[in-house]
Amino acid sequence: MCGEANENDHQVETSSVDREMDGSSSSNNTPHDQQDTPIYVLSRNLTTVHEVWKEWDKGLRRGDPAVKDLEAKYKAKWRDSEKERKFFSKRKIIDEIYGIHEKDHVSITEAVNRLEARRGKRSLDRLWKDLNQQNKRSRDDNR
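In the working numbering, the protein residues as written are 339 to 481.
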């Protein structure tokens, strides 16, 4: 399935995102980390490398934050649960896109297209596992 992501597959507390992105703040005494750090749940329904990149770079839907912006601004604080932190480790796909971009001197769009072609009929989960195995072998070879 190569369509749009399901509208209900992730969540974000938009009021905190809006407040943080526009620089405004609240005047009550709630601790900054609890009040102003948005909690975003990564989509579990993505099926293509293009969708993974879109969530990372722009956000899946209008009003959704780009995951790269959450990372830059909040580091791990936006990943509220252990489950979310573990799922975020699948960003290996994003790392691979940047790697292709840098190594082959191609645009990000071309890097996404190349990784999507490499994925073929495999699931994103299978691609992620294969990339991890490839990296593990590469690290072992360099020892």
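All C-beta atoms in this analysis are idealised placements derived from N, C-alpha and C, irrespective of residue type, glycine included.
In summary, E440 is exposed, with fewer than 16 beta-carbon neighbours lying within 10 Å of its beta-carbon over all protein chains present.
Excluding residues up to 5 positions away in sequence, L384 and I431 lie with their Cβ nearer than 6 Å to the Cβ of V390 in the same chain. Between K428 and W394, the beta carbon gap of about 11 Å keeps them out of contact (Cβ cut-off 8 Å). T447 sits in a helix when the DSSP states are folded into three classes.
Note on S476: under 16 other CB atoms within 10 angstroms of its CB, so exposed under the neighbour-count rule.
Annotation: the continuous alpha helix (DSSP H) that includes R477 extends over L462 to D479.
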